[in-house]
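Chains as they are written, first to last, in the numbering used here: chain F, 5 to 298; chain Y, 334 to 596.
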């Protein structure tokens, strides 16, 4: 207590410095000193979290549950999960046949990634800010954003009308979405390039394609390969989904038939396990390749 | 001089080899998948032309707009709700799996395997599985999206935590903070920007996947599209597509803005 008095006496002896100090201290209304730093981003995150939580509450209140018996549904689900994941077996097909279906799905994913990557490479040259004309950049970027916003399955179904259900519609539909996604990713990696490299080549009188082949490709190849493999993983998963939702063939179609037509949960379980193993293997391979390229 | 020529020659050789490898893979994959490249190329302009002629909303389609918008609203709410619930659970779950907060190596391994399992089982499978017990209900879509979102976010959060907060946890450790203090004073504040970025990304993704799940489980906006599509009412179907596009673009723009402020 005495110390405080002494201190305040000391401060009052030098009134000017006390006033100055007090101005910089951030106190709450009760006089407590606030120790957190105020920043725009903290505030933004706080507001965002509150808004998201609010939307979630509203969502749960407004959903139409149709008076579902929740307990029974959960019990049934657990029972089905047990059947699918603990008692997998094949009933209508051989393991060789299933693996061939997996290969078909794999090829659908590969084709759409390859075509999408090649198209996206050229398109990204046209919409990278450091290589192309600003008007061209804006137009292509908006077109690509719209193409990306349409869900994959809708592209496949839309293409299916004119090409017929099957691998052509699936590949073209999947390609469209991967093309849009990869264009954005590639363009971003080109824009992150060191501007000095392009400038140096331009100063040397290099032509457009020389700049592309000798500067752009070598310095962005790492991130491009990483993005392409990431997209390939997504495309594989999408190819499974397209098989189920749009009749595109492959293991996804098989899965859909087993689940929704024959109600054969045992077979569905085995197919699921095969898909999971394939995806995990792909993930491991792509991690290895990414590490090697770097 | 000889040396620089070598660089260029080697580069040319690499490009040629990569090109040939691509061609070989392409040819092989086309044969297996029974994909005919020429059909693909031919079908593309035909499809675009078809889109330009048929996928245009007409007056009749506009009458269905209120119904479409209400389903769209439900889809948007659903994907936010799924992502938020999954994110909260995934946060606590990933505390057990992150290197800096793990209880022990065994639990960490298990958490990561569980996350990988949920992430990699296709949402199609969850949708069909839940369809049997929940029927045509909004909860079918909710749980189908929930499982994959939970798996993906757990992995993402573990990576974010390990990247961001090691110094800060070390400092808190040195002051004698307990586990809960470390989590709420150290890990949560420092990884929050990363976490919110992932959450925003997942909301976007979930809107797109909920269309697919809707087609499979006959709920929400996906069902509406499927219904109009199978009735060959393409004008209304196109209105559904357009409304989804607008929703996704709005969410993308908003989340880009937020990301710019946060990071």
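C-beta atoms are modelled at their ideal positions from N, C-alpha and C, and glycine is treated no differently.
The structure displayed is predicted, hence computed values, not measured ones.
- For residue 164 (chain F), the number of other beta carbons within 10 angstroms of its own is at least 16, and it is reported as buried.
- Here the stretch 84–92 of chain F does not lie against the stretch 147–155 of chain F, with fewer than 3 beta-carbon pairs under 8 Å apart.
- In the three-state reduction of the DSSP assignment, residue 37 (chain F) falls in the strand class.
- For residue 67 (chain F), the chain Y residues whose C-beta falls within less than 7 Å of its own C-beta are 471, listed in chain order.
- Secondary structure note for residue 382 (chain Y): its alpha helix (DSSP H) is the uninterrupted segment 370–387.
- For residue 529 (chain Y), the chain F residues whose C-beta falls within less than 8 Å of its own C-beta are 49, 52, 53, listed in chain order.
- Judged by DSSP in its simplified three-state form, residue 397 (chain Y) adopts coil rather than helix or strand.
- Taking 9 Å as the cut-off between beta carbons, the residues of the stretch 351–367 of chain Y near chain F are 355, 358, 359, 361, 362, 363, 364, 365, 366, 367, in sequence order.
- Taking 8 Å as the CB threshold, residue 455 (chain Y) lines the interface with chain F.
- Pairing residue 137 (chain F) with residue 229 (chain F), the inter-Cα distance amounts to about 26 Å.
- For residue 43 (chain F), there is no enclosing alpha helix (DSSP H), as DSSP marks it with neither H nor E.
- Our two residues, residue 93 (chain F) and residue 279 (chain F), have alpha carbons roughly 14 Å apart in a direct line.
- Under the three-state reduction of DSSP output, residue 31 (chain F) falls in the strand class.
- Contact between residue 544 (chain Y) and residue 473 (chain Y) fails: their C-beta atoms lie close to 14 Å from each other, not under 8 Å.
- Excluding its 5 nearest sequence neighbours in each direction, residue 455 (chain Y) has no C-beta neighbour in its own chain below 7 Å.
- Setting aside the 5 residues that flank it on each side, residue 286 (chain F) is surrounded in the same chain by 237, 240, each with a C-beta closer than 7 Å to its C-beta; the list follows chain order.
- If you ignore the 5 residues before and after residue 486 (chain Y), its C-beta comes within less than 7 Å of the C-beta of 419, 420, 423, 531, 535, all in its own chain and listed in chain order.
- Pairing residue 391 (chain Y) with residue 583 (chain Y), the inter-Cα distance amounts to about 23 Å.
- If you look at residue 570 (chain Y), you'll find it in the alpha helix (DSSP H) that goes 567–595.
- Residue contact check for residue 582 (chain Y) against chain F: a CB pair falls below 8 Å.
- For residue 507 (chain Y), the secondary structure class from DSSP, reduced to helix, strand or coil, is helix.
- Between the stretch 103–121 of chain F and the stretch 178–187 of chain F there are three or more C-beta pairs closer than 8 Å, enough to call the two in contact.
- Check the Cα spacing between residue 553 (chain Y) and each of F:57, F:28, F:67, F:206: the tightest is with F:67.
- A direct Cα-to-Cα measurement between residue 538 (chain Y) and residue 508 (chain Y) gives close to 41 Å.
- Approximately 5 Å separates the beta-carbon atoms of residue 570 (chain Y) and residue 562 (chain Y); this is inside 8 Å, confirming the contact.
- Pairing residue 171 (chain F) with residue 382 (chain Y), the inter-Cα distance amounts to about 20 Å.
- Across the stretch 91–112 of chain F, CB contacts with chain Y closer than 9 Å involve 104, 107, 108, 109, 110, 111, 112, in sequence order along the chain.
- Assigned with DSSP and collapsed to three states, residue 403 (chain Y) falls in helix.
- Contact between residue 484 (chain Y) and residue 451 (chain Y) holds: CB atoms are separated by about 3 Å, below the 8 Å threshold.
- Interface residue (Cβ-Cβ distance to chain F less than 8 Å): residue 556 (chain Y) is not classified as such.
- In the DSSP annotation of this structure, residue 367 (chain Y) is not part of any alpha helix (DSSP H), being labelled neither H nor E.
- Between the stretch 394–406 of chain Y and the stretch 495–513 of chain Y, the count of Cβ pairs shorter than 8 Å is below three; the stretches do not touch.
- The DSSP-derived three-state label of residue 156 (chain F) is helix.
- When C-alpha distances from residue 581 (chain Y) are compared across Y:388, Y:409, Y:372, the shortest belongs to Y:409.
- Residue 80 (chain F) has a beta carbon lying within less than 8 Å of a beta carbon in chain Y.
- Taking C-alpha positions only, residue 261 (chain F) is separated from residue 111 (chain F) by approximately 20 Å.
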